[in-house]
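Numbered per the numbering used here, the sequence shown spans residues 906 to 1165.
Every residue gets a Cβ at the ideal spot worked out from N, C-alpha and C, and that includes glycine.
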Amino acid sequence: MYDLADKTIFITGATAGIGRACAQAAAAAGARLIICGRRSGMLVTLRDDLVSTRGVDCHAMTLDVRNASDVAEAISSLPSNFANIDILVNNAGLASGYGPLHELDPDDVEVMIDTNVKGLLYVTRAVVTGMVERNSGHIINIGSIAGHDVYPGASVYCATKFAVTAITDGLKLDLHGTNIRVSTVDPGLVETDFSKVRFHGDMDRANAVYAKTVPLVAEDVADAVLYVATRPPHVDVRTLILTSVKQSSVTMVDRSGRDL
Ligand SMILES: NC(=O)c1ccc[n+]([C@@H]2O[C@H](COP(=O)([O-])OP(=O)(O)OC[C@H]3O[C@@H](n4cnc5c(N)ncnc54)[C@H](OP(=O)(O)O)[C@@H]3O)[C@@H](O)[C@H]2O)c1
């Protein structure tokens, strides 16, 4: 087992959902945490909670991963006890809008590509350099089953997650000969704020996504991330795909009820 105690783990998009659950799980394992997101109030609340309940060191950075210069500045000016990042969890991401490609709002297209692809690249670039110098580290990208199969109304979101798959595989090749691990954790339907964000706050549409089925919860994905992160140093879990037992493909979801 790779012991997370006193390891430094940077989780992007930790204010909610999967990222927050990853931060809580990593803190429970004794890790030193760097967390970021755009909503500073939620970030500070999480940091204070992790510090008081888990007794871990936690550095919170209000950061929009879409801003390349802010990302570079934030990572190059980390306090010295947080500077050597052992594990990066590239989680910040979103779907924005839903519908046929030719009807999507161009702003939605931009925000998905800028966050899920370019933001992930900015953070990775800024963090991997130090890992290469130390010949040690682990990049864990949060992809999606939408990075393996497309579904209607989600061409651009799927394209960004296919890009995450390609970036993960390409980074693994680029880091050949180093001791740096590169993984992707690719969930199916997870009940978080994801659909609320996708449908711009329309809770009827968001709730319908999780109706009459049993989706994953954020803690299930965090559990998978912790599994990937804690394998012995010579083991690199390349891709971990997880879905609810009720989901058989991106489009096949059993909606016969919430019973198991
Ligand atoms: N839920 C699902 O069904 C599902 C399935 C497969 C994969 N995923 C992936 O899982 C990841 C997390 O999603 P989630 O389900 O946990 O959704 P969520 O509850 O909406 O959380 C998304 C997180 O990303 C952060 N974020 C978004 N844009 C950001 C930006 N520009 N800069 C920094 N942080 C940003 C948000 O923080 P702020 O708003 O505070 O910035 C928030 O903490 C995403 O990459 C998503 O694509 C989700």
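With the cut-off set at 9 Å, would you say I916 and I939 are in Cβ contact? yes
Return helix, strand or coil for I1072, following the three-state DSSP convention. helix
Limits of the unbroken alpha helix (DSSP H) element including F1099: F1099 to R1103
Just to confirm, does E1096 get its C-beta within under 8 Å of one of the non-hydrogen atoms of ligand 1? yes
Give the DSSP bridge partners of P1092, in chain order. L1147
Quick check on this structure: which residue in G1058, G1024 and G1082 has the alpha carbon closest to the alpha carbon of G1042? G1082
For V964, list the residues DSSP reports as bridge partners. Reading the sequence as shown, one finds His at residue 964 and not Val. Note: H964 sits in a beta bridge opposite I939.
Rounded to whole angstroms, what is the Cα-Cα separation between F1099 and H1007? 22 Å
Are V1095 and I1045 closer than 9 Å when you measure CB to CB? no
Could you give the DSSP three-state label for I980: helix, strand or coil? helix
Indicate, with yes or no, if ligand 1 has a heavy atom lying under 8 Å from the CB of I923. yes
Quick check: the Cα distance between L955 and Q929, rounded to an integer number of angstroms? 7 Å
Run through the DSSP bridge pairs and tell me what V1122 is partnered with. E1096
Please report the residue range of the alpha helix (DSSP H) in which V994 lies. It is not in any alpha helix (DSSP H) - V994 instead sits in the beta strand (DSSP E) that spans I992 to N995.
Pick helix, strand or coil for T1156, following the three-state DSSP scheme. coil
So, are the CB atoms of P1092 and L1121 less than 9 Å apart? yes
V949 versus A965 - alpha carbon distance: 7 Å
Can you give me the C-alpha to C-alpha distance between V1037 and Q1152, rounded to a whole angstrom? 38 Å
Within the continuous alpha helix (DSSP H) that includes N1112, where are the two ends? M1108 to V1114
Ends of the alpha helix (DSSP H) at I923? G922 to A933
heavy atom of ligand 1 below 8 Å from A973 C-beta: no
Nearest to T1020 by alpha carbon, out of A1000, L1009 and R1030? A1000
Within 10 angstroms of the Cβ of D1164, are there 16 or more other Cβ atoms? Answer buried if so, exposed if not. exposed
Check whether the Cβ of F1099 sits closer than 8 Å to any heavy atom of ligand 1, and report yes or no. yes
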